[in-house]
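**Student:**
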Amino acid sequence: IDSSGSMSDDDLAEGFAVVNSACRQSVIHYMLWDCSIQLIEKNFKNAKKEFKVKGRGGTNPQAVLDYAEKNCYDGVVIYSDMYFDGKLRKPKSAKVLWMGTNKASKNPTSFGYFCTLDRKG
-19 IDSSGSMSDD
-9 DLAEGFAVVN
1 SACRQSVIHY
11 MLWDCSIQLI
21 EKNFKNAKKE
31 FKVKGRGGTN
41 PQAVLDYAEK
51 NCYDGVVIYS
61 DMYFDGKLRK
71 PKSAKVLWMG
81 TNKASKNPTS
91 FGYFCTLDRK
101 G
């Protein structure tokens, strides 16, 4: 979950909700990141009423892609508004889903799969 300054608290809450609902049968490690990984949560089971957001700087998902490769992850969901340079190294084994915060989000790279949330309001 992108926790850079351009992501609102509502964006973050929606990101957690979407990943939780779509990946119920998977082991999920949540990462909050901006220019670097700020938090890794491996035991996030139930919705939290509040959480402290770390980060709020620039945006560079390469740290997440590198972590996924180093730790042999099967897949990575990058939830972001996609406001970053798309010159990123593709992980060797992890599949990547780029999930934009809204329909105006642009596909940031030439690898992985891309989708956007169709927000109303």
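Okay, so the sequence shown: first residue is -19 according to our numbering, each after it adds one. Cβ coordinates follow ideal geometry from the N, Cα and C atoms, glycine included.
1) Who are the near neighbours of residue 92 in its chain, counting only those whose CB is closer than 6 Å to its CB and skipping five residues on each side?
2) Which partner residues does residue -18 have in the DSSP bridge list?
3) Distance check for residue -10 and residue 17, CA to CA, integer angstroms please.
4) Exposed or buried, which one is residue 14 when buried takes at least 16 other CB atoms within 10 Å?
5) How many whole angstroms separate the CB atoms of residue 59 and residue 8, which I take to be in contact at a CB cut-off of 8 Å?
6) Indicate the three-state DSSP secondary structure (helix, strand or coil) for residue 64 in the structure shown.
**Tutor:** Per the coordinate set shown:
1) Numbered from its first residue, the sequence shown carries residue 92 at position 112. Correct list, in chain order: 76, 78.
2) On the sequence shown, residue -18 is found 2 positions in, with the first residue counted as 1. Paired residue(s): 13.
3) The residue labelled residue 17 in the question sits at position 37 within the sequence shown. The residue labelled residue -10 in the question sits at position 10 within the sequence shown. Going from the Cα of residue 17 to the Cα of residue -10 covers about 20 Å.
4) In the sequence shown, the residue the question calls residue 14 occupies position 34. Label assigned to residue 14: buried.
5) Position 79 of the sequence shown, counted from the first residue, corresponds to residue 59. Position 28 of the sequence shown, counted from the first residue, corresponds to residue 8. About 12 Å; that fails the 8 Å criterion.
6) Along the sequence shown, read from residue 1 onward, the residue named residue 64 stands at position 84. Correct three-state label for residue 64: coil.
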